Each structure stands twice: as C-alpha cells, then as structure tokens.
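Peer 1: So for the sequence shown, the UniProt record's numbering puts the first residue at 1; every next one is plus one. Ideal placement from N, C-alpha and C gives every residue a C-beta, glycine not left out. Fair warning: this is a prediction, and the values are worked out from it, not measured in the lab.
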Amino acid sequence: MFLMSAGSSDFVSAAWRSEAEESKREKNGSLCCCEYVAEDSRQRSHILGCCCNCVDFDLVCTRLVTCRAIDRRNIDGMLIAFQDRLRLPWRGGAKRISPAAVAPAFIVPLMLGLATLNSNTAIVLMLTLVGFTIWGMELAKRTATRTNFFLSWLVFSVFYMIIIFEFQVPLLELAPEENYALMFFSCTALYCLYSAKALSPLNLVSAQYGTTPKDELPGIAEASSGEEQAEAQTTLQMESVLSLNDDEVVDMDTAERSGLMHGQPNICEICRKVTPRRAYHCPVCGTCVKRRDHHSYWLNCCIGERNYVWYIVGLALSEIALLLGANLTLTSICHPFMVVRPLGYPVLLPDDCSEVFEGFDLGISFVVACYALLISSYIAFILARQAYLWWKGSTLHEYKRASNAAGRNRIWSNWRAILK
C-alpha cells in the first residue's frame with residue numbers, strides 16, 4: 001500500500017512538473033520542435049495539422065466535388081497556406097522548407113535513374129536538362145528572382161555524384177591514390193565555393209561593419225541636392241561627349257576611366273546613394289555590389305570584390321575534380337586504352353562503352369560520369385569567359401553594359417543613315 005501511494009505521489013509530482021513546464025513554456029513564448037507561428041493567423045500551430053483549418057483548401061475540395069468553378073484566389077490561398085505549413089521539426093520551432101529547395105532532391109535522382117534505362121533515354125534526358133536549365137536561368141534573370149532552386153540543385157547533384165563515385169566506382173578496381181586525389185580536389189573545391197558564398201555579404205555596399213548603427217550605412221550617405229546637381233552636370237557632360245561623334249561609342253565606364261567624372265561622386269540611379277567606384281546595382285540582391293561581376297544563381301549570391309578569387313579557384317578545382325571523376329569512372333566501366341605513360345603512371349581514356357546499359361550498376365555510373373562531363377563543359381565555358389574578361393581588364397557586368405551601349409548606338413546610327 002505504501003509503495004502504491006509512493007508511486008501515485010511520484011506520478012502526480014511528475015504530472016505537476018510537466019504542467020508547470022508547459023505553462024512556463026507558454027508564458028515565455030517558446031516553441032517545441034514541431035510548433036510554429038502561422039503567418040495568416042499569428043497563432044501557434046503544429047506541423048501535423050498541415051491540412052487542417054484551411055478555409056481555402058475546404059472550398060477548393062467542396063467545389064471540386066460538386067463540379068463547380070474554383071476561384072483562383074482560393075487556389076492561391078491554399079498554396080500559400082501549404083507553403084507556410086511545409087516545415088521541418090527543429091529546436092526552438094519548426095523551420096519552413098522552401099518547395100524550390102526540396103524539389104531537386106527528388107528530381108535529380110529520378111532523372112539519373114531513368115537515364116540508366118538505355119542510351120536513347122539518357123540522351124533525351126540530358127538534352128531536356130540542358131534546355132530546362134537554360135530556360136530557368138533566363139526566366140530568373142528576366143524576373144530578377146532570388147531563388148534557392150539552383151543552389152539546391154547544385155548541392156544535391158554534388159551529393160549524389162559523391163555517393164556514386166565513393167560507393168560504386170571504387171568497387172570497379174579503382175586505385176586508392178586515385179580516390180584520394182579525387183576527394184582532395186572535391187573537398188577543396190567545395191570549400192572554395194562555400195567561402196565565396198560566405199564572403200558575398202561583404203560585397204554589398206549596404207553591409208554593416210564594426211559599431212556602425214543599424215540606421216546608418218558606413219561610408220554611404222543619401223544623395224543630397226548638391227550631389228544630385230553634380231550628377232545632373234555629369235550626365236550633361238557625358239551626353240555632350242557622346243554626341244561629338246555618332247560612330248564613336250563611349251560608355252559610362254570608359255568615361256569614368258578617362259577622367260570625365262573626376263571629382264564627381266558615383267551615385268546609384270536606383271539606390272540614390274553614393275557608392276564606391278565600379279560598384280553596380282544588383283536587381284536580385286536589391287543593393288549595390290562592390291566591383292560587381294555577376295549574380296551567380298548557382299550560389300545564390302553576387303560575385304564581386306571580396307569573393308571573386310574564391311569563386312574562380314573553386315570553379316577551377318571543380319573542373320579538375322569533375323574531369324578526374326568522369327575519367328576514372330568511364331575507364332573503369334568501359335574498355336580503356338592507354339594514351340601516355342608519364343613517370344611510369346598510365347593515363348587511360350575510355351574506348352568502348354557499348355555494354356554499360358546491361359546492368360544498373362554500370363548504367364548509373366556511366367550516367368553520372370556523363371552528367372559530370374556536362375557540368376564540366378559549362379564550367380569550362382565560364383572559366384574561358386572569365387579569362388577573356390581578365391585579359392580585357394573588365395568585369396562581366398561592365399562588358400555587358402559596354403556591349404549593350406555599343407549595340408544601341410550602332411542600331412541608331414544605321415537607322416539614321418537609312419533615313420538620310
């Protein structure tokens with residue numbers, strides 16, 4: 001009897017402590033790992049109730065069952081509610097998961113798995129992938145959309161390639177030193193690209209440094225009336241210079257370097273703030289970037305003054321890792337032939353790969369190797385373009401501005417010649 005009463009008292013005390021902790025947690029406003037604050041109602045919600053208490057979802061289902069017209073606003077509200085409730089349990093509250101960031105986790109392995117069926121399917125999927133990538137990049141550039149889709153695609157592509165290279169290819173008589181070299185270049189390339197993304201906030205002109213107050217920007221001030229007059233005077237000077245000769249194109253960057261804007265502040269036409277020299281506005285980031293080269297959608301950040309070197313080195317090491325991994329894979333699953341033997345080490349290239357689709361193991365290795373070669377071709381194009389711009393002493397943004405200005409002026413000159 002005494003033991004039962006002691007057990008009951010322990011149970012009551014434990015329940016009282018649990019209730020006290022719950023009331024304390026509600027008082028402090030803390031959330032458990034599966035709770036979050038809904039954006040529409042601003043109330044505590046649970047991730048298990050993802051389809052509950054959604055008026056738009058109920059209306060859509062009701063109209064769908066009764067065969068009535070569905071209002072577009074209800075569909076938008078339902079999708080917004082689902083996007084807000086798609087969360088992952090996390091300490092301190094459930095974290096929202098972006099559908100664009102999750103989609104590549106399923107698209108990439110599905111695409112690679114289907115490509116192992118036969119050679120025709122692999123060719124069609126690779127061409128579809130190239131077309132989809134070009135279309136997506138152009139759409140993101142045209143709408144100036146900041147998305148994690150391409151960064152997630154890059155991360156999951158690297159993840160799946162590493163799994164195949166490390167757990168499938170070594171079983172095909174791969175030398176340990178070749179695997180070590182592949183891992184070294186891969187890890188170093190990932191570190192450089194990670195550093196390029198981590199340093200990207202330092203490129204922003206509006207970045208906060210030191211003890212600068214939050215409502216003030218270091219070295220950046222709103223354009224005063226005197227600065228606006230100076231900018232107008234500078235614009236007039238530029239227009240007069242450009243009108244001296246219709247056949248001679250003088251873009252803004254050339255004018256700056258030639259001293260036409262000497263002593264005048266650089267004022268962003270969008271931000272209306274004084275910016276450093278060769279700092280340009282990024283419509284995706286929404287601010288000016290120091291020595292902006294371009295906005296990398298694959299890293300979801302701007303490449304500029306502070307992370308340009310890390311970006312180029314990361315691309316160069318990625319090119320080496322991809323080519324090495326693809327060569328090791330293809331020479332393991334195909335019939336290789338020796339090209340040269342420097343210092344007693346044979347350099348092999350694949351010769352006959354006609355039997356790779358007979359088994360899933362060989363097929364997935366072959367598809368991943370071709371996928372790596374496809375990515376390496378794109379990186380090689382970027383490196384060649386950056387080498388040309390470095391030789392010209394320009395950035396990609398400045399080169400595009402000069403090309404657009406030259407194209408517009410040339411078209412106008414041609415039409416004037418026709419009309420005369």
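Compute the Euclidean distance between the alpha carbons of Val289 and Tyr280, then round it to the nearest angstrom.
Peer 2: Looking at the two C-alpha atoms, the distance is approximately 6 angstroms.
Peer 1: Have a look at Ser318 and Leu374 and give me their C-alpha separation to the nearest angstrom.
Peer 2: The alpha-carbon atoms of Ser318 and Leu374 are separated by roughly 13 angstroms.
Peer 1: Take the Cβ of Glu21 as the centre, count every other Cβ of all protein chains shown within 10 Å, and call the residue buried at 16 or more, exposed below.
Peer 2: Low per-residue confidence applies at Glu21: pLDDT is 48, beneath 50, and the placement is therefore not dependable, though the value from the model is reported in the following sentence. Label assigned to Glu21: exposed.
Peer 1: Are the beta-carbon atoms of His350 and Cys334 separated by less than 8 angstroms?
Peer 2: Going by the sequence as given, residue 350 is Pro instead of His. Yes. Within cutoff.
Peer 1: Can you give the Cα-Cα distance for Arg146 and Leu389, rounded to whole angstroms?
Peer 2: Arg146 and Leu389: Cα-Cα distance of roughly 25 angstroms.
Peer 1: Quick one: residues in its chain with C-beta nearer than 6 angstroms to the C-beta of Met78, no 5 flanking neighbours on either side, listed in chain order?
Peer 2: Hits under 6 angstroms: Asp56, Phe57 and Val60.
Peer 1: Among all the DSSP beta bridges, which residues are the ones paired with Phe337?
Peer 2: According to DSSP, which records beta bridges pairwise, Phe337 is partnered with Leu349.
Peer 1: Is it buried or exposed, Asp71, if we count other Cβ atoms within 10 angstroms and call 16 or more buried?
Peer 2: By the 10 Å Cβ count, Asp71 comes out exposed.
Peer 1: Indicate the three-state DSSP secondary structure (helix, strand or coil) for Val289 in the structure shown.
Peer 2: Val289: strand per DSSP, three-state reduction.
Peer 1: Out of Leu343, Glu177, Val313 and Ala380, which one is the CA nearest neighbour of Cys192?
Peer 2: Answer by Cα proximity: Val313.
Peer 1: List the whole-angstrom C-beta distance separating Asn307 from Leu199, where the pair is believed to meet the contact cut-off of C-beta under 8 angstroms.
Peer 2: Right, their Cβ atoms sit about 4 angstroms apart.
Peer 1: So, are the CB atoms of Ala316 and Leu383 less than 8 angstroms apart?
Peer 2: Their beta carbons are under 8 angstroms apart, which means Ala316 touches Leu383 by this criterion.
Peer 1: Could you pull the start and end residues of the beta strand (DSSP E) that Cys282 belongs to?
Peer 2: Ala279 to Cys282 is the extent of the beta strand (DSSP E) around Cys282.
Peer 1: Which residue's Cα is closest to the Cα of Glu358: Ala115, Gln83 and Ile80?
Peer 2: Closest option to Glu358, Cα to Cα, is Ala115.
Peer 1: How about Leu328 and Val339: are their beta carbons less than 8 angstroms apart?
Peer 2: Contact: no.
Peer 1: Give the DSSP bridge partners of His295, in chain order.
Peer 2: Answer is Cys302, bridged to His295.
Peer 1: Can you say whether Arg292 is buried or exposed, counting buried as having 16 or more other CB atoms within 10 angstroms of its CB?
Peer 2: Buried, since its Cβ has 16 or more Cβ neighbours within 10 Å.
Peer 1: Got a sec, what are the start and stop residues for the alpha helix (DSSP H) Gln386 sits in?
Peer 2: Where Gln386 is concerned, the enclosing alpha helix (DSSP H) stretches over Phe360 to Lys392.
Peer 1: Can you give the beta carbon distance from Leu182 to Phe165, rounded, assuming they're within the 8 angstroms contact cut?
Peer 2: Yes, they are in contact, since the Cβ atoms of Leu182 and Phe165 sit about 7 angstroms apart, within 8 angstroms.
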